[in-house]
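One point on numbering: in numbering that gives the first Met the number 0, the residue at position 165 of the sequence shown is 164, and numbering is uninterrupted.
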Amino acid sequence: MWHSIGQYSNNGCNFTQEIRPYLCAVFLILMSKLPSAYQFTDLSDYGRPIARYLAVRWTNTAITPIYVTTLFILAGAIAIWSILNHWHWMAALFLIVKSILDAADGELARLQQRPSYTGRYYDSIADILLNFLFLSSFAFVSEQSIWYALVAFIGLQLQGTLYNYYYVILRNTVAGDATSRVFETSIPVAMQGEDQRMVTLLYRTYRVCYGVFDYLIYQCDKKAIDSPPLPKWFMTLVSTFGLGFQLALMAILLLLGLEAVVLPFFIGYSFGILLFIAIRRLLLK
């Protein structure tokens with residue numbers, strides 16, 4: 000629903016057949032998803048500079064965006080194993096590595112001009128499964144109920160969905176990057192080089208994973224779609240619900256030896272959803 004889709008061939012890279020790859024890379028690095036007047040400090044996107052550097056280095060190699068997504072799954076798996084073994088520093092490190100690689104696959108797709116629904120859904124499905132496993136691992140090491148982890152997981156996903164919802168609305172409102180759609184209700188036609196059956200399978204899996212969260216957030220703030228452009232200070236605050244920031248919070252709590260606090264923290268943090276929706280309704284009608 001609210002995750003980026005890469006229609007990159009129309010985003011400025013396909014100027015001529017002879018354009019040099021590094022010029023395309025520079026263009027994409029400088030390009031933003033928002034006009035300059037609406038760019039805000041995204042606290043969840045701290046890994047983007049490193050992600051862009053890696054993507055540029057990998058542009059003319061055999062490494063594809065799908066490979067990078069698989070690498071961030073591996074990084075997430077190492078983080079989970081480290082959590083279970085109480086290796087706090089290693090777990091914190093690989094949570095951050097996972098966040099950086101999560102940004103790098105999209106950057107690489109832009110640079111290589113390899114948009115794909117397969118990659119998009121693969122990325123999103125991997126994210127939600129890893130999120131559940133992260134929180135389940137914290138429940139295991141702190142001897143808390145798996146049901147407690149499930150409540151924290153629901154809160155975590157609703158937080159991220161609210162952030163993506165507002166961000167995509169802002170981009171579409173101010174003539175920014177419009178490759179993301181607020182609503183996604185039909186199976187897309189596979190792009191060149193993709194298998195339609197795989198795209199259909201991944202899309203349906205994606206809808207099962209994210210559909211209920213998308214629906215709940217939309218029902219909570221339907222009128223956000225018609226609101227004036229959301230101000231930068233508001234978007235910066237909401238970006239604390241972004242996945243990158245959530246993983247950074249997990250890493251910080253691990254380094255402080257507070258793994259038992261992770262689940263109650265994210266459950267309590269979810270009440271911020273109501274606060275942000277109230278602010279949007281009261282101040283940004």
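Glycine included, C-beta positions come from ideal geometry on N, C-alpha and C.
Note that this is a predicted model, so its numbers are computed, not measured.
Residue from GLU193, PHE264 and LEU273 with nearest C-alpha to TYR116: For this step, residue 116 is matched to residue 117 along the sequence shown. Minimum Cα distance to TYR116 is reached at GLU193.
ALA138 beta carbon less than 8 Å from that of ALA285: Residue 285 is absent from the model: the chain starts at 0 and stops at 284.
What's the call for GLU258, buried or exposed, on a 16-neighbour Cβ count within 10 Å? On the sequence shown, position 259 is the one that residue 258 refers to. With 16 or more Cβ atoms within 10 Å of its Cβ, GLU258 is classed as buried.
Measure how close the beta-carbons of GLY118 and PRO187 come, nearest whole angstrom, since I'm counting them as under 8 Å. In the sequence shown, counting from the first residue as 1, residue 118 sits at position 119. In the sequence shown, counting from the first residue as 1, residue 187 sits at position 188. GLY118 to PRO187, Cβ: 12 Å. No contact.
TYR214 to ILE82, Cα distance in whole Å? In the sequence shown, counting from the first residue as 1, residue 214 sits at position 215. In the sequence shown, counting from the first residue as 1, residue 82 sits at position 83. Between TYR214 and ILE82, the C-alpha separation is close to 32 Å.
Nearest-angstrom Cβ-Cβ length linking ALA50 and ILE99, presumed shorter than 8 Å: The sequence position of residue 50 within the sequence shown is 51, counting from 1. The sequence position of residue 99 within the sequence shown is 100, counting from 1. Confirmed, about 5 Å.
Among the residues of its own chain, which have a CB less than 6 Å from the CB of SER43, if the five just before and after it don't count? Reading the sequence shown from its first residue, position 44 is the one you call residue 43. Taken in chain order, the residues that qualify are SER238, GLY241, GLY243 and PHE244.
Where LEU248 and ALA36 are concerned, what is the direct C-alpha to C-alpha distance, given to the nearest angstrom? Taking the sequence shown and counting its residues from 1, one reaches residue 248 at position 249. Taking the sequence shown and counting its residues from 1, one reaches residue 36 at position 37. Whole-angstrom Cα-Cα distance: 29 Å.
For ASP41 versus PHE71, is the C-beta distance shorter than 8 Å? Looking up residue 41 in the sequence shown gives position 42. Looking up residue 71 in the sequence shown gives position 72. No, the pair does not count as a contact, with Cβ atoms beyond the cut-off.
Pop quiz: ILE266 and VAL167 are said to be a contact at Cβ under 8 Å. What is the actual Cβ separation, rounded to whole angstroms? Taking the first residue of the sequence shown as 1, we reach residue 266 at position 267. Taking the first residue of the sequence shown as 1, we reach residue 167 at position 168. Actually they are not in contact, since the Cβ atoms of ILE266 and VAL167 sit about 26 Å apart, beyond 8 Å.
Outcome for ILE272 when other beta-carbon atoms lying within 10 angstroms are tallied against a minimum of 16: On the sequence shown, position 273 is the one that residue 272 refers to. Per the 10 Å Cβ criterion, buried.
Helix, strand or coil, according to DSSP, for LEU92 in the structure here? The residue labelled residue 92 in the question sits at position 93 within the sequence shown. In the structure shown, LEU92 sits in a helix (DSSP, three-state: H, G or I).
Where do the N-terminal and C-terminal ends of the alpha helix (DSSP H) with LEU283 fall, by residue? Sequence index remark: in the sequence shown, residue 283 carries index 284 (1-based). Neither: LEU283 is in no alpha helix (DSSP H) and is coded neither H nor E.
In the structure shown, what three-state DSSP assignment does THR40 receive? Here residue 40 is taken as the residue at index 41 of the sequence shown, counted from 1. DSSP places THR40 in coil when its eight states are reduced to three.
Do LEU201 and TYR121 count as a contact pair if the criterion is CB distance below 8 Å? Locating residue 121 in the sequence shown gives position 122, where the first residue counts as 1. Locating residue 201 in the sequence shown gives position 202, where the first residue counts as 1. Yes. Within cutoff.
Taking the alpha-carbon positions, what's the ILE224 to GLU142 distance? Taking the sequence shown and counting its residues from 1, one reaches residue 224 at position 225. Taking the sequence shown and counting its residues from 1, one reaches residue 142 at position 143. Each residue's alpha carbon lies about 42 Å from the other.
DSSP three-state call for HIS87: helix, strand or coil? Taking the first residue of the sequence shown as 1, we reach residue 87 at position 88. The answer is helix: DSSP assigns HIS87 an H, G or I state.
Need the endpoints of the alpha helix (DSSP H) that ILE127 sits in, please. For the purposes of this step, residue 127 is identified with residue 128 of the sequence shown, where counting begins at 1. Unbroken alpha helix (DSSP H) run through ILE127: 116-140.
With 16 other Cβ atoms within 10 Å as the buried cut-off, status of TRP232: In the sequence shown, residue 232 corresponds to position 233, counting from 1. Burial call: exposed.
Buried or exposed for ILE216, going by 16 or more other Cβ atoms inside 10 Å? Indexing the sequence shown from 1 puts residue 216 at position 217. Looking at its Cβ environment, which holds 16 or more other Cβ atoms inside 10 Å, ILE216 is buried.
Can you tell me whether ILE79 is buried or exposed, with buried defined as 16 or more other CB within 10 angstroms of its CB? Residue 79 sits at position 80 when you count from the first residue of the sequence shown. So ILE79 ends up on the buried side.
Identify whether VAL25 lies in helix, strand or coil by the three-state DSSP scheme. Counting from 1 along the sequence shown, the entry for residue 25 is found at position 26. At VAL25, the pLDDT of 49 sits below 50, so the modelled position is not reliable and the matter cannot be decided from this model.
Which of helix, strand or coil DSSP assigns to GLY175: Residue numbering aside, residue 175 sits at position 176 when the sequence shown is read from its first letter. Its pLDDT being 47, under 50, GLY175 is placed unreliably in this model, and the coordinates cannot settle the point.
Determine the closest residue to THR235 out of GLN195, LEU161, LEU94 and GLN156, with distance taken between C-alpha atoms. Here the question's residue 235 lines up with position 236 in the sequence shown. Nearest of GLN195, LEU161, LEU94 and GLN156 to THR235, Cα basis: LEU161.
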